[in-house]
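**Student:**
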Amino acid sequence: MPRVVALYRYPVKGFTPERRERLTVQRDGRIVGDRVLAFRFAEAALPEQRDGLDYWPKAQGLALQDFPALAALRLEFDAAERRVTIFSGTSVMVSAALDDAGRKHLSDAVTEFVLGTREGKRLQRPGRLPLELVGDGEHARFQDREQGYVSLHGRASVLALSAVIERTDGGTPELAASGGDPDPSSGTDPALDDRRFRSNIVIDGVKAWEELKWRGAVRIGELEFRTAEPIVRCLATHANPETGARDARVLTTLTQRIGQREPTLGTLLLPRELPAPMPAGTELGSAAWGDIRVGDDVELIAGAL
1 MPRVVALYRY
11 PVKGFTPERR
21 ERLTVQRDGR
31 IVGDRVLAFR
41 FAEAALPEQR
51 DGLDYWPKAQ
61 GLALQDFPAL
71 AALRLEFDAA
81 ERRVTIFSGT
91 SVMVSAALDD
101 AGRKHLSDAV
111 TEFVLGTREG
121 KRLQRPGRLP
131 LELVGDGEHA
141 RFQDREQGYV
151 SLHGRASVLA
161 LSAVIERTDG
171 GTPELAASGG
181 DPDPSSGTDP
191 ALDDRRFRSN
201 IVIDGVKAWE
211 ELKWRGAVRI
221 GELEFRTAEP
231 IVRCLATHAN
241 PETGARDARV
251 LTTLTQRIGQ
261 REPTLGTLLL
271 PRELPAPMPA
281 GTELGSAAWG
291 DIRVGDDVEL
301 IAGAL
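Just so we're aligned, residue 1 is where the sequence shown starts under this note's numbering, counting upward by one.
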């Protein structure tokens, strides 16, 4: 039986994930505490609109597709204290509360860091500075798509990709997808880290690429989801989640070596009974729907592979 082997949420868009033993899914299909904050460009501190929903395109703020060095930072968010702490190496780069002064302090520190990276010139383009830290720290709203979605991928797909990945010079080996350290005596490159793909749910027990074919509904633990669509990937996946270096050509490997039409890994899910798209931050939508835990069984309950 397929099962959940890892769970992640991302308090601040584009920064370090929190590894969790349990995730709470909201009625609107988003994860509690997931993407509740984001560093946005000055000209994009207010949302766009798409199909009547707030839409925060990642190209209008700090995201790994354009600023891969962010992956080298470590971020902790204390929701109870409403405090963000960002580490560079073992040192605290900045720590501040989510009041006006604290948000500016956080934005200034992150701006200084990004300007010192290889991608720093991108931040100097017109309309981008000063950065603004947006979000209330409570409501999930900065997912890549206006509806949100829960994201899932199979570990076997990551291992299959790892076997043929085009690596670049200077890449630093990352932790194996199995969660342990790579075996230096194996004579092979370590598997890609699941965190590179920034999914909420990682499962094992299905064949490589099988989750891309799911149609209908899937049960995870006690929760029933409907499948939405496979996830077409971006340059964020090229960034090593430990170093921030672009050390693996994921997109071209998926299309040229795996043979996909578009570079795709993982799938998107919504609650099976969600009647219609629901705006982020509503009282009804933010209510807890149920929990997913590491070790939960995963079962396709409608449709066919």
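Beta carbons are placed, not taken as given, at the ideal position from N, Cα and C, and that holds for glycine. All values derive from a computational prediction rather than experimental measurement.
(1) Assuming contact is defined by CB atoms lying nearer than 7 Å, are LEU106 and VAL92 in contact in what I supplied?
(2) What are the boundary residues of the beta strand (DSSP E) that includes HIS105?
(3) Just grab the DSSP bridge partners of GLY244 for me.
(4) Based on the DSSP secondary-structure assignment, which residues constitute the bridge partners of VAL12?
(5) Using the DSSP secondary-structure output, state which residues sit across from ALA288 in a beta bridge.
(6) Output yes or no for whether 7 Å exceeds the beta carbon distance between ASP208 and SER162.
(7) Do GLY266 and SER151 have their C-beta atoms closer together than 7 Å?
(8) Please state whether DSSP places PRO230 in a helix, a strand or coil.
(9) Among the residues of its own chain, which have a CB less than 6 Å from the CB of ILE86, if the five just before and after it don't count?
(10) For ARG19 versus TYR8, is the C-beta spacing smaller than 7 Å?
(11) For THR282, is the classification buried or exposed, using 16 other Cβ atoms within 10 angstroms of its Cβ as the cut-off for buried?
(12) Mapping the DSSP letters down to three states, classify PRO271 as helix, strand or coil.
(13) When DSSP labels each residue in this structure, what does ASP194 get in the three-state scheme?
(14) Around the Cβ of LEU212, are there at least 16 other Cβ atoms within 10 angstroms (buried) or fewer (exposed)?
(15) Taking the C-alpha atoms as reference points, what is the distance between GLY285 and THR168?
(16) For the alpha helix (DSSP H) that contains GLY120, what are its first and last residues?
(17) Sort out for me which residues DSSP pairs VAL32 with in a bridge.
(18) Can you tell me whether VAL294 is helix, strand or coil according to DSSP?
(19) Between the Cα of ILE292 and those of LYS13, PHE15, ILE31, spot the shortest distance and give me the residue it belongs to.
(20) Which stretch, first to last residue, makes up the beta strand (DSSP E) that contains SER91?
(21) Does GLU76 come out as helix, strand or coil in the three-state DSSP assignment?
(22) Here's the rule I'm using: 16 or more other beta-carbon atoms within 10 Å means buried, otherwise exposed. How should GLU166 be labelled?
(23) Give the single residue among GLY127, ASP54, ALA109 whose Cα lies nearest to the Cα of LEU308.
(24) Pull up the distance between the alpha-carbon of VAL164 and that of THR253, whole angstroms please.
(25) Does HIS313 come out as helix, strand or coil in the three-state DSSP assignment?
(26) Taking one C-beta from the segment 221-235 and one from the segment 262-279 each time, how about it: are there three or more such pairs within less than 8 Å?
(27) Taking GLY84 as part of the beta strand (DSSP E), name the residues at either end of that continuous run.
(28) Quick one: residues in its chain with C-beta nearer than 7 Å to the C-beta of GLY295, no 5 flanking neighbours on either side, listed in chain order?
**Tutor:** Taking the definition as stated:
(1) no
(2) Not the beta strand (DSSP E): HIS105 falls in the alpha helix (DSSP H), residues 100-115.
(3) In the DSSP output, where bridge partners are listed per residue, GLY244 has none listed.
(4) BP columns for VAL12 point to LEU37.
(5) Paired residue(s): GLN26.
(6) Sequence inspection shows Ala at residue 208; the Asp mentioned does not correspond to that position. Contact: no.
(7) yes
(8) Reduced to three states, the DSSP call for PRO230 is strand.
(9) LEU73, LEU75, MET93, VAL94
(10) yes
(11) Under this definition THR282 is an exposed residue.
(12) strand
(13) helix
(14) buried
(15) 43 Å
(16) 120-123
(17) The partner list for VAL32 (beta bridge, DSSP) is empty, contrary to what the question assumes.
(18) coil
(19) The candidate whose alpha carbon is nearest that of ILE292 is ILE31.
(20) 91-97
(21) Strand, per DSSP.
(22) exposed
(23) Outside the shown range of the chain, which is 1 to 305, sits residue 308, and nothing can be said about it.
(24) 7 Å
(25) Residue coverage of the chain in this structure runs from 1 to 305, which leaves residue 313 outside it and unanswerable.
(26) yes
(27) For the record, residue 84 in the displayed sequence is Val; it is not Gly. 83-88 is the span of the beta strand (DSSP E), which, as asked, contains VAL84.
(28) ARG3, VAL4
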